[in-house]
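Enquirer: Just so we're aligned, residue 1297 is where the sequence shown starts under this note's numbering, counting upward by one.
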Amino acid sequence: DVRGAALESLANIAPEDAVRLARRLMGDDRDGRESIWRAALVVLGEHGALRDGAAVLDGGAPERLRSDEIRALARIVARQPNAGDPAVVRLRRGGARFAEEMIHDLDLRTRSVAVTVLGELGDDRSVAILEELRREAHVDDLASGAAESVTRIRSRSAKSAEGPNVVEARVA
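(1) Starting from residue 1308, trace the alpha helix (DSSP H) in both directions and tell me its first and last residue.
(2) Flag residue 1301 as yes if its beta-carbon sits less than 8 Å from any beta-carbon of chain C, otherwise no.
(3) Counting only the same chain and skipping the five closest in sequence on each side, list residues whose C-beta sits under 8 Å from that of residue 1345.
(4) Taking residue 1445 as the reference, which of 1360, 1411, 1347 has the closest Cα?
(5) Are residue 1336 and residue 1321 touching if we call contact CB-CB under 8 Å?
(6) For residue 1400, does the three-state DSSP call read helix, strand or coil?
(7) Who are the Cβ neighbours of residue 1359 in its own chain at under 7 Å, not counting the five residues just before and after it?
(8) To the nearest angstrom, how far is the alpha carbon of residue 1436 from that of residue 1400?
(9) What are the start and end residues of each continuous beta strand (DSSP E) run of 3 or more residues lying completely inside the stretch 1374 to 1432, in chain order?
(10) Tell me the rounded alpha-carbon separation between residue 1428 and residue 1391.
(11) For residue 1441, which of helix, strand or coil comes out of DSSP?
(12) Roughly how far, in whole angstroms, is the beta-carbon of residue 1449 from the beta-carbon of residue 1398, given that I think they are within contact range, below 8 Å?
(13) Helix or strand or just coil, what does DSSP make of residue 1463?
(14) If I'm right that residue 1414 touches residue 1426 with Cβ under 8 Å, what's the distance once you round it to whole angstroms?
(15) Once you ignore the five residues that flank residue 1443 on each side, which residues in its own chain have a CB closer than 7 Å to its CB?
(16) What residue from 1432, 1422, 1361, 1385 has the CA that sits closest to residue 1347's CA?
Right, dumping it as structure tokens:
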């Protein structure tokens, strides 16, 4: 759709304007607006602020846009400079729970997105779900993706448990 492409193009030249427009367009569920909604999610994922994460997650997008929602949320969280900020932690946790629900979707692409995003947002609870998926998956890419995501979560958990001083001392 031309309108969605225009919004994404606007983000390249005037990101602040595109974000303001994307915020207004989120939730517009009139017929024919799915491409605009998808473009708004892309713009917010690339340029939105932490406060946009909740709108992305709770925006009420059609079910077929869940993958776009969770990708946008993961991008917003990844850009945050302080991963330990309580607002970031809450958003990460909410995103993990959302992605965990997507693991059971019938669509393989949706499941694959969920597995990848759990590697970015997931926590100890997500590990158990991913391990179960890894054992039961009949698709090799899904099983290996689950294993990679578990590794990423555990690596992130180990770094946060050590604290910044231990990690800095090891690097020095």
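Yeah, the Cβ is synthetic: ideal placement off N, Cα and C, and Gly gets one too.
Expert: Quick look at the numbers:
(1) Sequence index remark: in the sequence shown, residue 1308 carries index 12 (1-based). Residue 1308 -> alpha helix (DSSP H) spans 1298 to 1309.
(2) Looking for chain C here will not work: only one protein chain is present.
(3) The count along the sequence shown starts at 1 and reaches residue 1345 at position 49. So the list reads 1315, 1372, once near-sequence residues are dropped.
(4) Within the sequence shown, the letter at position 149 stands for residue 1445. The shortest Cα separation from residue 1445 among 1360, 1411, 1347 belongs to 1411.
(5) For the purposes of this step, residue 1336 is identified with residue 40 of the sequence shown, where counting begins at 1. For the purposes of this step, residue 1321 is identified with residue 25 of the sequence shown, where counting begins at 1. In contact: residue 1336 and residue 1321 (Cβ atoms closer than 8 Å).
(6) Here residue 1400 refers to the residue found at position 104 of the sequence shown. Here residue 1400 sits in coil by DSSP.
(7) For the purposes of this step, residue 1359 is taken as the residue at position 63 of the sequence shown. Excluding its 5 nearest sequence neighbours in each direction, residue 1359 has no C-beta neighbour in its own chain below 7 Å.
(8) As a first step, residue 1436 is located in the sequence shown; it is residue number 140 there, counting from the start. As a first step, residue 1400 is located in the sequence shown; it is residue number 104 there, counting from the start. Using only the alpha carbons, I get a separation of about 16 Å.
(9) none
(10) Counted from its first residue, the sequence shown places residue 1428 at position 132. Counted from its first residue, the sequence shown places residue 1391 at position 95. If you take the alpha carbons of residue 1428 and residue 1391, they lie about 19 Å apart.
(11) For the purposes of this step, residue 1441 is identified with residue 145 of the sequence shown, where counting begins at 1. Of the three classes helix, strand and coil, the one that applies to residue 1441 here is helix, per DSSP.
(12) As a first step, residue 1449 is located in the sequence shown; it is residue number 153 there, counting from the start. As a first step, residue 1398 is located in the sequence shown; it is residue number 102 there, counting from the start. Not a contact, Cβ separation roughly 16 Å.
(13) Sequence index remark: in the sequence shown, residue 1463 carries index 167 (1-based). Its pLDDT being 44, under 50, residue 1463 is placed unreliably by the model, and the measurement read from it follows with that caveat. Three-state DSSP puts residue 1463 in a helix.
(14) Residue numbering aside, residue 1414 sits at position 118 when the sequence shown is read from its first letter. Residue numbering aside, residue 1426 sits at position 130 when the sequence shown is read from its first letter. At roughly 6 Å, the Cβ-Cβ gap stays under 8 Å, so residue 1414 and residue 1426 are in contact.
(15) Reading the sequence shown from its first residue, position 147 is the one you call residue 1443. For residue 1443, where only same-chain residues beyond five positions count, the Cβ hits under 7 Å are 1430.
(16) Along the sequence shown, one-based indexing puts residue 1347 at 51. Nearest of 1432, 1422, 1361, 1385 to residue 1347, Cα basis: 1385.
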